[in-house]
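Here is the structure we will look at.
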Amino acid sequence: MDKIYYISVLLIAGLVFSKILGKFKFPDVTGFLIGGIIIGPSVLGLIPKEALSSLDVVSEVALAFIAFSIGDEMKISAIKKLGSGILLIVLLEGIFAFIAVTISTLFIFKESFAFSLTLGSIACATAPAATLMVIKQYNAKGDLVDVLIPVVALDDVLCIICFGIASSITISLISHSALSIGVMIYKPIKEIILALLLGLVSGTGFSFIIKKAKSDSETTIISVASIFMVTSIALYLKLSSLLTLMLMGVVSSNIGKSNRRYSALISSIAPPVTVCFFVLSGAELDFANLKTVGLMGASYIITRVIGKMLGAYSASKIAKFPKSVQKYLGLTLVPQAGVAIGLSLIASRIIPNPHGAMIRSIVLSATIVYELIGPLLAKIALDKAGCIKENS
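Rendered as C-alpha cells:
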C-alpha cells in the first residue's frame, strides 16, 4: 500500500473514533490516540510497523503548525497586564513537575541522567484544550478561571525551552563528549539563542511579506511556505524547530499591523495534519514496551501531577492569589497532549532504543490517562472554587 492510502486510513480512524468517544464527553485527542492504537500494529495492523517510519513527514508538518500556533496566540500586551504572579506560577508548576519526574526516574528506577532529564522536561507541558473545554461547557467564571487561562497558554512555552536545554545536554551525554559545566551551560544556551534569533528574523520577515498578500489563497501559500522553509532551515542548522517557529509566531502576532488573516487560514488547513499526527502517535504505541514501562509510566503520571499541584500552590501562595486559586489550580493543570506527544517523538529520535521508545510509550500512555481524567478533575476544581453556578 502507498502513503496516500495510509494517510486516508489515519484521517478516517481519527474522525470515527473522536465521534464515538465524543458521545461520552471525551476530548477529540483521546479518540485520535485510541483510534491510532486500534488501527496500529499492536491491534488490527491496518497500518503495519514498517509504514509508520515512512510517514514521519506528517509529524514534522504537524509539529511545525503546533509550535507556530502556540507563539501566534501569545499577546505581549496581555502578558504585561497579568503581572509577575502569573509568570511565577508558570515557572514553579513547570519546574516542580520537571524535578519530581526527573528525580523519581533517576533514583527510584535507576535510569540514566539523560533519560531522566529528557522525560522530566516533557513533564512540564500542559494541554489547555481539555480544561478550556470544561470552562466553556459550564460557562465557568471567577478567580480560578482568570488565572488558569493565561497559565495554560504560557505553559508550553516553558516546556519547549526546558526540553531544548535538556535535549542539548542529552545529545552531549549520549555522544560521550567531554561534558564540563561550561559545556552543559554554554551549548544549550547557544542553541536556544540561535533558534530564537532565527525565529525573530523569520517572524519579522514573515510579517513584512504577509502584508503584500492580496487574497486568501496568496496568504495561505505564503504562510505555509514560510513555516515549512523556517522548519527546514532550523533542522539543517540543528536548532530547535519548535523554539524557532514558536518565536516566529510570537513576533508575527505582535509586530506592527500585519495581516492577521493568516492565523484563521492556518487554523482552517491544520486539522487534517494534526489529526493524522495524533492517530499516528497512537499507532506507534508498542504494547511490548508497555510491559517494560508499566511502573515507570504510573510513576510519571503520579509524580508529574504532584509536581504541578505543589508548584501551583506554592507560587499562588507567594503571589498572594485568592485561596480558591491556591487550593485548586493544580488540579486544572493535569491534561497533557499535543506538545508533550511531539516532544516525545523528538526524544525517541535523540535517545537510542529501547530507551527512546520507552519515553514515547510513557508519554503516549500518560496522555490517554490524563485526557480521560483531566476534564473530570478540572470540573471538580472549578466547582469547588465556586466558578460553576448551579444552573450551568
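Residue 29 is where the sequence shown starts when you use this note's numbering, and the numbers rise one by one after that.
No residue lacks a Cβ here, since even glycine has one placed at the ideal position from N, Cα and C.
Computed from a prediction, not measured in an experiment: that's the story for all the values here.
Runs of the beta strand (DSSP E) spanning 3 or more residues and lying entirely within the region 318–364 do not occur at all. Going by beta carbons, Asp174 and Thr154 fall outside the 9 Å limit.
Sequence-distant Cβ neighbours of Ala125 in its own chain, meaning closer than 6 Å and more than five residues away, are Ala151, Cys152, Arg332, Gly335 and Lys336. Inter-residue distance for Ile294 and Val89 is about 12 Å (C-alpha atoms, whole angstroms). Taking 9 Å as the cut-off, the beta carbon of Ala347 is found no closer than this to the beta carbon of Leu49.
With a threshold of 16 other beta carbon atoms within 10 Å, Ile217 falls short and is exposed. Beyond the five residues adjoining it in sequence on each side, Ser230 comes within less than 6 Å, by CB distance, of Val258 and Met276 in the same chain, given in chain order. A direct Cα-Cα distance of roughly 44 Å separates Ile390 from Lys239. For Gly414, same chain residues with a beta-carbon under 7 Å away, outside a window of 5 residues either side, are Gly170 and Ser352 in chain order. A buried status is given to Lys407, since no fewer than 16 other beta-carbon atoms sit within 10 Å of its beta-carbon. Boundaries for Tyr166: no alpha helix (DSSP H) harbours it, and the DSSP string shows neither H nor E there. For Leu263, the number of other beta carbons within 10 angstroms of its own is below 16, and it is reported as exposed.
Taking a cut-off of 8 Å on C-beta distances, the region 51–67 touches the region 295–307, as three or more cross pairs fall below it. If you draw a 10 Å sphere on the C-beta of Ala292, you find fewer than 16 other C-beta atoms in it, and that means exposed. Ile131 and Lys215 have their C-alpha atoms spaced approximately 23 Å apart. Per DSSP, Met102 lies in no alpha helix (DSSP H) segment and is marked neither H nor E. The residue from Val129, Pro363, Glu219 and Ile40 with its alpha-carbon nearest to that of Met324 is Val129. With 16 or more other Cβ atoms inside 10 Å of its own Cβ, Tyr328 counts as buried. Here Gly111 is exposed. Its C-beta has fewer than 16 other C-beta atoms within 10 Å. Here DSSP, grouped into helix, strand and coil, assigns Ile283 to coil.
The continuous alpha helix (DSSP H) containing Gly384 extends over residues His383 to Lys412. A Cβ-Cβ separation of about 2 Å places Gly310 in contact with Gly64 under the 8 Å criterion.
Inter-segment contact for the region 242–254 and the region 192–202 is absent: fewer than three beta-carbon pairs are separated by less than 8 Å. Here Arg377 carries a helix assignment [DSSP, helix/strand/coil].
DSSP, reduced to helix, strand and coil, places Arg288 outside both helices and strands of the structure shown, so it counts as coil. Here Asp314 is near Ala385, since their CB atoms are less than 9 Å apart. Only residues of its own chain outside the window of five on either side were considered, and among them Pro403 have a CB closer than 8 Å to the CB of Lys53, listed in chain order.
According to the DSSP assignment, Thr58 belongs to the alpha helix (DSSP H) that extends over Asp56 to Ile67. In terms of Cβ geometry, Val44 and Val301 do not form a close pair [threshold 9 Å].
By the CB criterion at 9 Å, Ala142 and Ile197 fall inside the cutoff. A distance of 9 Å or more separates the beta carbons of Gly148 and Gly339.
Annotation: Leu119 to Leu74 spans about 43 Å, alpha carbon to alpha carbon.
If you draw a 10 Å sphere on the C-beta of Glu78, you find fewer than 16 other C-beta atoms in it, and that means exposed. Non-local C-beta neighbours of Leu228 in its own chain, meaning closer than 7 Å and more than five positions away in sequence, comprise Leu275 and Val279, ordered along the chain.
Rounded to whole angstroms, the Cβ separation of Leu145 and Ala92 is 25 Å, and the two are not in contact under 8 Å. DSSP places Thr302 within a helical segment (H, G or I) once states are collapsed to three.
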